[in-house]
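Colleague:
In our numbering, the protein residues as written are 527 to 687.
#1: Using CA atoms only, rank isn't needed, just tell me which of 606, 549, 617, 633 is closest to residue 567.
#2: Please state whether DSSP places residue 585 in a helix, a strand or coil.
#3: Would you call the segment 571 to 587 and the segment 528 to 548 touching, i.e. three or more CB-CB distances under 8 Å?
#4: Given a cut-off of 9 Å, decide if residue 576 and residue 598 are closer than it, judged by their beta-carbon atoms.
#5: Could you check if residue 601 is buried or exposed, using at least 16 other CB atoms within 10 Å of its CB as the buried criterion?
#6: Which first and last residues belong to the beta strand (DSSP E) in which residue 673 is found?
#7: If you reduce the DSSP assignment to three classes, tell me which class residue 550 lands in.
#8: What residues are listed by DSSP as bridge partners for residue 685?
#9: Where DSSP assigns a beta bridge to residue 668, which residues make up the other side?
#10: Which value, in whole angstroms, describes the spacing of the CA atoms of residue 657 and residue 624?
#11: In terms of DSSP beta bridges, what is residue 557 paired with?
#12: CA-CA distance, residue 676 and residue 634?
#13: Taking Cβ to Cβ, would you say residue 673 is nearer than 9 Å to residue 662?
#14: Can you give me the C-alpha to C-alpha distance between residue 579 and residue 562, rounded to a whole angstrom?
#15: Per DSSP, what are the beta-bridge partners of residue 663 in this structure?
#16: Take residue 542 as the anchor and find which of 553, 660, 535, 536 has the nearest alpha-carbon.
#17: Can you list, in chain order, the stretches of the alpha helix (DSSP H) that have 4 or more residues and sit fully within the segment 601 to 630?
Written out as structure tokens, the structure is:
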């Protein structure tokens with residue numbers, strides 16, 4: 527199975543190694559969010575500085591100085607909002623990667639274990655499990671008057687021939 531991140535960056539941590547068995551929901555790796563966190567910190571600092579300058583100017587400034595200071599505050603607010611949005615986007619992308627890995631995990635490594643001896647026949651089960659519920663799918667095959675039939679129970683529910 528091949529996984530990739532939607533954004534580029536430096537891998538900060540890998541929690542598994544090749545051949546490890548993983549469970550659904552396990553975080554496999556994290557990208558460093560240092561750039562986004564640094565941008566957010568810088569934007570907060572710029573906003574605090576602009577507000578302090580604005581407050582100082584308001585204490586005895588001309589209308590022109592007040593307008594210039596207000597422009598700086600507005601720019602700092604925009605920078606802060608952009609940094610917050612960037613961090614939120616990165617967080618959503620990382621969650622999507624975790625969700626996709628979990629869905630892949632639920633559809634791989636499936637096994638069939640018969641409860642009784644099967645003397646003849648070939649059974650093929652194919653498809654991709656797209657649900658999110660974990661559990662067992664129990665498939666029962668039986669002989670009817672005109673052929674073989676099946677029913678399923680557990681996390682799947684169906685019947686047919």
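C-beta: ideal position from N, C-alpha, C; glycine also.
Modeller: By the coordinates alone:
#1: 606
#2: coil
#3: no
#4: yes
#5: exposed
#6: 673 to 680
#7: coil
#8: 677
#9: 675
#10: 15 Å
#11: 537
#12: 23 Å
#13: no
#14: 26 Å
#15: 680
#16: 553
#17: none
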